[in-house]
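Asker:
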Amino acid sequence: MKTATARQRGVEHDIVQIPLASDTAPYYEPQGNEVAVFEAAYKRRLPVMLKGPTGCGKTRFLEHMAFQLKRPLVTVSCHEDLTSSDLVGRFLLEGAETVWQDGPLTRAVKAGAICYLDEIVEARTDSTVVIHSLTDHRRKLTIEKKGQEIDAHEDFMLVISYNPGYQTVLKDLKPSTKQRFVGLNFDFPTEEIERKILMAEVPGLTHENAQQLVATGRKARLLKDHGLEEATSTRALVYAASMMCAGLDPVAACQVALVNPITDDPELAEALMEIVNAHFAV
Amino acid sequence: MSSPAIRTLLDAIRESNGELLSEIEGVLPVIRPHGEAATLDWINACRTLSDFERDAGRAFVRGSREAEKVSESVLPWTRQALSIMRWRHSSPAVEGFMRNLPRAFGSLGHAGEERWANIGLTWCARSIECGCAYFATPVLDVAGRGGGIAAIEALNTPAEELYESRKLQLATFLPGAIRVRNLLGVQAVLPWAMRGADIMQSGRTRGEAYFRLESEESLALLLENMQGYKLADRNRLLGILLEVWLGEGLELKESTWSPEKGRPFMEIDGESLYFPAVMGNREEAIISVLHAAGHMRHGTFDRTAMKQMFTDAKAEFPEDGPVSWSPIFARYGEDAMRFQLIFDMCEDLRIESRLQKQIPNYFQRLISNAEAARTRHPDSAEYYDLGIATARDALRASRGEPVLDARFAPLFEAGATLADAHRIACEIYAVAEQDASLPPVRDPEAFTAAFLPGRGPNSTRVAHPQDNPDENSQTQPGQQEENQPDEQGEDESESPQESETGDEQDGGEKQETAGYGDTSGAAKRAESRPDGTQQGRGPADKGIPYPEWDYRESRYKKNWSWVQEKRLGESNLSETQRLMKQYSNALKRLKKAIQSQKPTRMAPRVKQLDGDDMDLNAVIEFVAEKISGRSPVPTIYRRREQNQREISVILLADMSTSIMQHLPEGGGRLVDRIRAGVLLFAESMEEVGDNYAIAGFCSKYRDNVSYYNIKDFGESYNEDVRSQIGGLSGRLATRMGAAIRHATKHFERVESRRRLLLLLSDGRPEDYDDGGDRRYLHEDTRMAVKEAVAKGVHPFCITVDTMANQYLPQIFGAGHYLVLDQINSLPNKLPEIYLKLRK
Chain A
1 MKTATARQRG
11 VEHDIVQIPL
21 ASDTAPYYEP
31 QGNEVAVFEA
41 AYKRRLPVML
51 KGPTGCGKTR
61 FLEHMAFQLK
71 RPLVTVSCHE
81 DLTSSDLVGR
91 FLLEGAETVW
101 QDGPLTRAVK
111 AGAICYLDEI
121 VEARTDSTVV
131 IHSLTDHRRK
141 LTIEKKGQEI
151 DAHEDFMLVI
161 SYNPGYQTVL
171 KDLKPSTKQR
181 FVGLNFDFPT
191 EEIERKILMA
201 EVPGLTHENA
211 QQLVATGRKA
221 RLLKDHGLEE
231 ATSTRALVYA
241 ASMMCAGLDP
251 VAACQVALVN
261 PITDDPELAE
271 ALMEIVNAHF
281 AV
Chain B
1001 MSSPAIRTLL
1011 DAIRESNGEL
1021 LSEIEGVLPV
1031 IRPHGEAATL
1041 DWINACRTLS
1051 DFERDAGRAF
1061 VRGSREAEKV
1071 SESVLPWTRQ
1081 ALSIMRWRHS
1091 SPAVEGFMRN
1101 LPRAFGSLGH
1111 AGEERWANIG
1121 LTWCARSIEC
1131 GCAYFATPVL
1141 DVAGRGGGIA
1151 AIEALNTPAE
1161 ELYESRKLQL
1171 ATFLPGAIRV
1181 RNLLGVQAVL
1191 PWAMRGADIM
1201 QSGRTRGEAY
1211 FRLESEESLA
1221 LLLENMQGYK
1231 LADRNRLLGI
1241 LLEVWLGEGL
1251 ELKESTWSPE
1261 KGRPFMEIDG
1271 ESLYFPAVMG
1281 NREEAIISVL
1291 HAAGHMRHGT
1301 FDRTAMKQMF
1311 TDAKAEFPED
1321 GPVSWSPIFA
1331 RYGEDAMRFQ
1341 LIFDMCEDLR
1351 IESRLQKQIP
1361 NYFQRLISNA
1371 EAARTRHPDS
1381 AEYYDLGIAT
1391 ARDALRASRG
1401 EPVLDARFAP
1411 LFEAGATLAD
1421 AHRIACEIYA
1431 VAEQDASLPP
1441 VRDPEAFTAA
1451 FLPGRGPNST
1461 RVAHPQDNPD
1471 ENSQTQPGQQ
1481 EENQPDEQGE
1491 DESESPQESE
1501 TGDEQDGGEK
1511 QETAGYGDTS
1521 GAAKRAESRP
1531 DGTQQGRGPA
1541 DKGIPYPEWD
1551 YRESRYKKNW
1561 SWVQEKRLGE
1571 SNLSETQRLM
1581 KQYSNALKRL
1591 KKAIQSQKPT
1601 RMAPRVKQLD
1611 GDDMDLNAVI
1621 EFVAEKISGR
1631 SPVPTIYRRR
1641 EQNQREISVI
1651 LLADMSTSIM
1661 QHLPEGGGRL
1671 VDRIRAGVLL
1681 FAESMEEVGD
1691 NYAIAGFCSK
1701 YRDNVSYYNI
1711 KDFGESYNED
1721 VRSQIGGLSG
1731 RLATRMGAAI
1741 RHATKHFERV
1751 ESRRRLLLLL
1761 SDGRPEDYDD
1771 GGDRRYLHED
1781 TRMAVKEAVA
1791 KGVHPFCITV
1801 DTMANQYLPQ
1811 IFGAGHYLVL
1821 DQINSLPNKL
1831 PEIYLKLRK
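First to last, the sequence lines map onto chains A and B.
Just so you know, the first sequence maps onto residues 1 to 282 in my numbering.
Just so you know, the second sequence maps onto residues 1001 to 1839 in my numbering.
Here you go:
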């Protein structure tokens, strides 16, 4: 699927890209009122928090919204060693001179982009506090090292995502951070919608296969409590569908896309394969 | 007609033994055609044998008629019988020999018979008891199904070997060996018997029980070597599959089936599913489990339907208590098996039509698996084939296609009940009785062979009717009872574990510390320990009061539960050492994993003034800022070193009575796994370097909640702590809320950014005084968790209660608990979970 940031492949381009009218809109199938909520939040420039399991469509949703709102999208994937310099910017050496380089957050604040901090809980709490002043009425970014602050561009918007799972019990966001956001809960789509998504994402997928895949996914998600850290995601179903359409046998496609990646436990794998076989192997 | 020689001989016999003569004369006509010489030899043999031992002679004469008929000879077996006589006390051998002769000739042929007899003679030469046992065993049993003389020889080889090496008597060996051979094949006999001989040496009774296949170890060995799919090992998988397809709340138990009981089936009683240890193959096992669960879910035990059926059958239906199926079949007397087969087929079709809607391709799987089995029992093949045909029909019906056999069609409707199945079965039976389209079945083997793989008799157990036929209900009524609180533990004095629970109640009071409102730590407790002898229940040892949440009034009850902090009385160093040894490999692995994680785990402290490594980012920053005219602080080093204690954790173990239970899968008790888990946890914590404490809790009534401090924060992990872990045992009930509050209080003394309260539990919160209102303590625990969170403590619950999904989400919140469905994995999992949580 073509997105705004993929116009020229294999060429580096700036992280701030305004979507062009000629781009294909990222496909997204609304599950509820999330589009309306997001549009309202955008009108008021309120920061938004996307919660939900891996692979249920958070990122795609945001791509879709950014496109609809014609705003550039700047994505930062957060990780343990992410410092505030990585977000705000730092001095670099150039010859004997130093130059200041804006970090992605600063770029977004200046350009009026939507800044997306993916999996924010992974970042150290001390680096996430820099967003505090951006997420309340001040809408300001302080650049400590330069002794400056920037009032955010009027179109700037901050979006964070996180995935409440048991792995992050000790890594929850600080309540003071959390309460600055409008929260949108995501979950795996309903059967009907998930099937639509599969058919749209993977052209050539038969209706029957889509139906079977969705049913398989539903059942596979029931295993979550038995030691699967991540449930079978819609993304994984899309992968399985793609593999099928690339000519792979359905059972094999499910095995490589839905079973092998998510568990090393032979018994769980066997149970997952049972589900796959029940749906596909006749 | 008789020759003079014969006549003389007979006359001689008449004089000595008139009785024998009349028997001889009865058989003589069939012997005579073999010629005079043979007849003479035969009569002589009669006489010799009779003179030797009267019984032997009589048995010889009586067996001769049949022997001659089958063998069409006289001399070979006459000589063989005479040679047995060489040994004293051999008359039982002769009797057995004669009894077996016709079969031996019939099934083994002349050459085979000779070999068979010779083997027996060799045994007689070894010991006449063995010889007697050999000849007494029916030759067809020894040869097995279609085995012939080769099978006899194959079985004889290990027998000889064991006799030579271990003096194992044939009488002990043979009956069991035949069964083992039939079940597992001849190669399994020798190892099985070797083990038996070992056991025999340690005790005769035990050994004999082993050889009779009655002892546990013998059956276990058999099961281990059985071909087929071992359900007991795949308990977890089957449980998962049940949950996936049919929802939570179905209970799987192992049945008492053992290999020689014939074909294994799943059994159901309206409360639980019972699986045999082994089934033919994986397909059959999985279909069976799903099928049985279908009965549980779709109304085979629905009280209304059962009642209707009993009324239709003009039988009385008991108002309460378990229900026996027998009145349903009793009407058919001798022909009950035929009716049962028809009835089971109808009910199975009804259930499976519903399963098909839940489990895609269920019928396809059932049918293809049933067709794969090529052999049919001749007496019940009609049933098997009808089973397949009707399953095909049900499959057609599920696709909306027309069915071929209209008789069964109503069963495919969604609204059909058990009573409908019974009615249709009666109709079909009435027709079958007339035209014998479905023949009567008398042989139990034919009966069991009539079921398609995956199906089975539905009424093998007494039924527990289900009152709530709600198919979607997650909890079956049966379970409610199963999960009854641990309060049965109150009469624990009768339990065999008593010796281990020495610290309960009064015994524990010795250790009881004087209550202290401030948690001033180990030092104070150490002080108070020596004078712990004070008796009585003064306010001082009432402990620390905590409020409790009453959901009915939506308010806290002040000073409601009282927690007494104690030291664990019992310790068991040898158990600790045993566990350390048992889990030494696991421990090694864990430590290795922890060490390999260390560099990343102990996040390098960046931007330090000194250190062993340059922090490249900081250096660039420093140089850059310096050049740009600022005067930065040279914090350009990084250091790998443990940060100040980042996490502190309390492992709080539920020490209620229920942990003393034996594990359903065998191999000891739950408490053994808990001890091992806590031990491995402590060992890995030492390696990790986090600040931790270990405690246990139990309760009896609200004013008697015991909190056992096994290892406090800052206390060293010494022999004393180790041996206390080894001595962990279960007592009393589970007032979780109070324990959580007390543990939360413990955290107040610790400086750390993150605080984790790891609860290790095996069941829901319960106490003797909760009046059966489960919700009360649930709600209280939920509030205690909320309070803890508010105080910056993260409670996380690890449980081995597979039903925990029903209540833990409400108490701890989604993602703050983990259900371990394999208890055996607990020891290894506990440290792993912690390491994962602390990342």
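Virtual Cβ for every residue (Gly too), placed ideally from N, Cα, C.
#1: Quickly, what does DSSP pair Tyr1708/B with across the bridge? List them, please.
#2: Run through DSSP, which three-state label would Glu1498/B get?
#3: Please list the terminal residues of the continuous beta strand (DSSP E) segment that includes Ile114/A.
#4: Taking DSSP as the reference, what is the three-state secondary structure of Gly1517/B?
#5: Grab me the residues of Arg218/A's own chain with a C-beta within less than 7 Å of its C-beta, minus the 5 sequence neighbours each way, in chain order.
#6: Counting pairs of Cβ atoms below 8 Å between the region 1738-1758 of chain B and the region 1541-1555 of chain B, do you hit three or more?
#7: Return helix, strand or coil for Ile1544/B, following the three-state DSSP convention.
#8: With DSSP run on the structure shown, which of helix, strand or coil describes Ser1648/B?
#9: Do you know whose CA, among Lys58/A, Tyr27/A and Gly204/A, lies nearest Gly247/A's CA?
#10: For a cutoff of 8 Å on Cβ pairs, would you count Pro164/A as touching chain B?
#11: Taking Lys219/A as the query, report the chain B residues whose CB atoms sit under 8 Å from its CB, ordered along the chain.
#12: Do the region 1376-1396 of chain B and the region 1448-1460 of chain B touch if we need at least three Cβ pairs shorter than 8 Å?
#13: Taking the C-alpha atoms as reference points, what is the distance between Glu1082/B and Ala1056/B?
#14: Going by DSSP in three states, Ile1359/B sits in which element: helix, strand or coil?
#15: I'd like the list of long-range same chain contacts for Asp136/A, defined as Cβ closer than 8 Å, with 5 residues on each side in sequence excluded.
#16: If you draw a straight line from the alpha carbon of Val130/A to that of Val74/A, how long is it in whole angstroms?
#17: Would you list the one or two residues that DSSP bridges to Asn1100/B?
#18: Check whether the Cβ of Ile1544/B lies closer than 8 Å to any Cβ atom in chain A.
#19: For Leu1587/B and Glu1719/B, which I take to be in contact (beta-carbon distance under 8 Å), what is that distance rounded to the nearest angstrom?
#20: Taking the C-alpha atoms as reference points, what is the distance between Gln1511/B and Ile1351/B?
#21: Give the secondary structure of Arg45/A by DSSP, where H, G and I count as helix, E and B as strand, and everything else as coil.
#22: Under the three-state reduction of DSSP, which class applies to Ala1391/B: helix, strand or coil?
#23: Just the C-alpha distance for Ile1031/B and Pro1092/B, rounded to the nearest angstrom, thanks.
#24: To the nearest angstrom, how far is the alpha carbon of Asp1770/B from that of Glu1553/B?
#25: Cβ of Leu1651/B within 8 Å of Cβ of Leu1826/B?
#26: Mind checking if Ala210/A is an interface residue toward chain B, Cβ cutoff 8 Å exclusive?
#27: In the region 90-164 of chain A, which residue ranges form an unbroken beta strand (DSSP E) of at least 3 residues, counting only runs that do not cross its ends?
#28: Consider the Cβ of Ser1628/B: report whether some Cβ of chain A lies at a distance smaller than 8 Å.
#29: Find the residues of chain B that neighbour Phe91/A, judging by a C-beta separation of less than 8 Å, and give them in chain order.
#30: May I ask you to report which of helix, strand or coil DSSP gives Glu1267/B?
#31: Using the beta-carbon of each residue, which ones in chain A are nearer than 8 Å to Asp1720/B?
#32: Measure from the alpha carbon of Tyr1230/B to the alpha carbon of each residue in Pro1276/B, Ile1199/B, Leu1221/B and Arg1204/B, then state which is nearest.
#33: From which residue to which residue does the alpha helix (DSSP H) around Asn1828/B run?
#34: At a CB distance below 7 Å, what residues from the region 1214-1245 of chain B approach chain A? Give them in sequence order.
#35: Buried or exposed: where does His1089/B fall if 16 or more other Cβ atoms within 10 Å of its Cβ makes it buried?
#36: So is Asn1361/B in contact with chain A if we call contact Cβ pairs under 8 Å?
Answerer: By the coordinates alone:
#1: Lys1566/B and Gly1696/B
#2: With a pLDDT of 38 at Glu1498/B, under the threshold of 50, the predicted position of this residue should be treated as unreliable, though the coordinate-derived value follows. Three-state DSSP puts Glu1498/B in a helix.
#3: Ile114 to Asp118
#4: Interpretation of Gly1517/B is limited by its pLDDT of 38, a score under 50 that renders its predicted location unreliable; no figure is taken from the coordinates.
#5: Glu191
#6: yes
#7: strand
#8: strand
#9: Gly204/A
#10: yes
#11: Val1244 and Trp1245
#12: yes
#13: Glu is not the amino acid found at residue 1082/B; the sequence shown has Leu there. About 10 Å.
#14: coil
#15: Arg180
#16: 17 Å
#17: Its beta-bridge partners do not exist; DSSP assigns none.
#18: no
#19: Leu1587/B to Glu1719/B, Cβ: 17 Å. No contact.
#20: For Gln1511/B, the pLDDT reaches just 39, beneath the cut-off of 50, and the residue's location in the model is therefore unreliable, leaving the point undetermined.
#21: coil
#22: helix
#23: 24 Å
#24: 15 Å
#25: no
#26: no
#27: 97-102, 114-118, 140-143, 148-151 and 157-162
#28: yes
#29: Ile1620, Glu1621, Ala1624, Glu1625 and Ser1628
#30: strand
#31: The premise fails here: Asp1720/B is roughly 30 Å from chain A at the closest Cβ pair, so nothing lies under 8 Å.
#32: As written in the sequence, residue 1230/B is Lys, which differs from the Tyr given in the question. With distances taken between Cα atoms, Lys1230/B lies closest to Pro1276/B.
#33: Leu1826 to Arg1838
#34: Arg1236, Leu1237, Ile1240, Leu1241, Glu1243 and Val1244
#35: exposed
#36: yes
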